[in-house]
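In the working numbering, the protein residues as written are 263 to 546.
Think of the CB as a built atom: it goes at the ideal place given N, C-alpha and C, for glycine as much as any other residue.
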């Protein structure tokens, strides 16, 4: 198998894996609070990171940027809790599409925190994407959906995490960044989870562990897959998560996105894809 085909296979498998994870989150969310589900997701991720320090267990303690690591962890926890909430309270495809709006927020955030100025094309596409989020929310109609703003907040926090990574990466090894992210998201998830704790049954506990395993596996497959092949081919494949989510949402939960949702989804996908691909290809 050549590198291009390997990349397609890995990204596709990773996307489907993350959709299966989101499906389990939605199923569990009927009884288990989203903060508790995310706690298990974070703890499993933390256990996967620990073996990276088998040779030097004290390496994370030598960092001099504890404040930035804490900030990134808090931001990441907030973003993921928002995403898990939308998965359990909105249509699966809608929650996934809103998660993919993260590139839209990178335009203003990169200007504020990194001094990076986007060209008029990229700025214009970001505005189009924000209009797509507004279509989801429908703030001036009887069908107002406030959950869309929770999903958008999750994307905003996700974009902030990327900003913090860029700052941390100037001095910190990636494995140390991963360690503190997993550690602090677990800590910040623990606090609200305990306030609304629902003791899971044995079958629910098995599914919660599976959520954590699928989450870390899916991200790993996509990250590895994107190192192979053509960016313009592989990045759009990750957006197939929205299609998978729509199909699974319909088959398992009887969900069928309405016209407003489809219109908002289309604008978010088109604008976000343009921003991601143009950045990777160096276009303004």
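Asked: Touching by the beta-carbon criterion (3+ pairs, under 8 Å), the segment 370-389 and the segment 294-301; Found: no
Asked: Close Cβ partners of residue 441 (< 6 Å) along its chain, the five nearest in sequence each way excluded; Found: 311 and 322
Asked: Beta-carbon proximity list for residue 345, same chain, < 6 Å, skipping 5 on both sides; Found: 361 and 416
Asked: Backbone CA spacing between residue 529 and residue 500 [nearest angstrom]; Found: 17 Å
Asked: Residue 282 - containing alpha helix (DSSP H), residue span; Found: 265-290
Asked: Nonlocal neighbours in the same chain, by C-beta distance under 6 Å from residue 439, ignoring five residues either side; Found: 430
Asked: Three-state secondary structure (DSSP) of residue 551; Found: Here the chain comprises residues numbered 263 to 546, so residue 551 is not present and cannot be evaluated.
Asked: 7 Å Cβ shell around residue 487 - same chain, five flanking residues per side excluded; Found: 269, 272, 273, 276 and 496
Asked: 8 Å Cβ cutoff met for residue 470 and residue 425; Found: no
Asked: Reduced DSSP secondary structure (H/G/I, E/B, other) of residue 466; Found: helix
Asked: Delimiting residues of the alpha helix (DSSP H) encompassing residue 422; Found: 409-430
Asked: Same chain only: Cβ atoms within 6 Å of residue 368, ignoring 5 sequence neighbours per side; Found: 421
Asked: Whole-Å CB distance - residue 504 paired with residue 284, under 8 Å assumed; Found: Contact doesn't hold; Cβ gap of about 11 Å is too wide.
Asked: Pairwise C-alpha distance: residue 394 and residue 539; Found: 19 Å
Asked: From 292, 455 and 444, residue whose alpha carbon lies closest to that of residue 335; Found: 444
Asked: Whole-angstrom C-beta distance between residue 506 and residue 278, which should lie under 8 Å; Found: 6 Å
Asked: Residue-chain proximity (residue 470, chain B), Cβ-Cβ < 8 Å; Found: The displayed structure is made up of one protein chain only, and chain B is not part of it.
Asked: Rounded Cβ spacing between residue 306 and residue 450 (contact assumed at less than 8 Å); Found: Not confirmed; about 16 Å, so no contact.
Asked: C-alpha distance - residue 264 paired with residue 490, whole-angstrom precision; Found: 9 Å
Asked: Residue 319 versus residue 498: straight-line alpha-carbon distance, rounded; Found: 38 Å
Asked: Minimum C-alpha distance to residue 315 - residue among 280, 435, 341 and 534; Found: 435
Asked: Burial state of residue 478, where buried means 16 or more other Cβ atoms lie within 10 Å; Found: buried
Asked: C-beta atoms of residue 350 and residue 291 nearer than 8 Å; Found: yes
Asked: When 467, 359, 379 and 266 are compared against residue 524, the one with the closest alpha-carbon; Found: 359
Asked: Top-ranked residue by Cα proximity to residue 428, from 378, 398 and 519; Found: 378
Asked: Rounded C-alpha distance that separates residue 455 from residue 309; Found: 19 Å
Asked: Residue 447 beta carbon less than 8 Å from that of residue 342; Found: yes
Asked: Buried versus exposed, by CB contacts within 10 Å (16 or more), residue 288; Found: buried
Asked: Reference residue 432; option with closest CA among 266, 408 and 326; Found: 326
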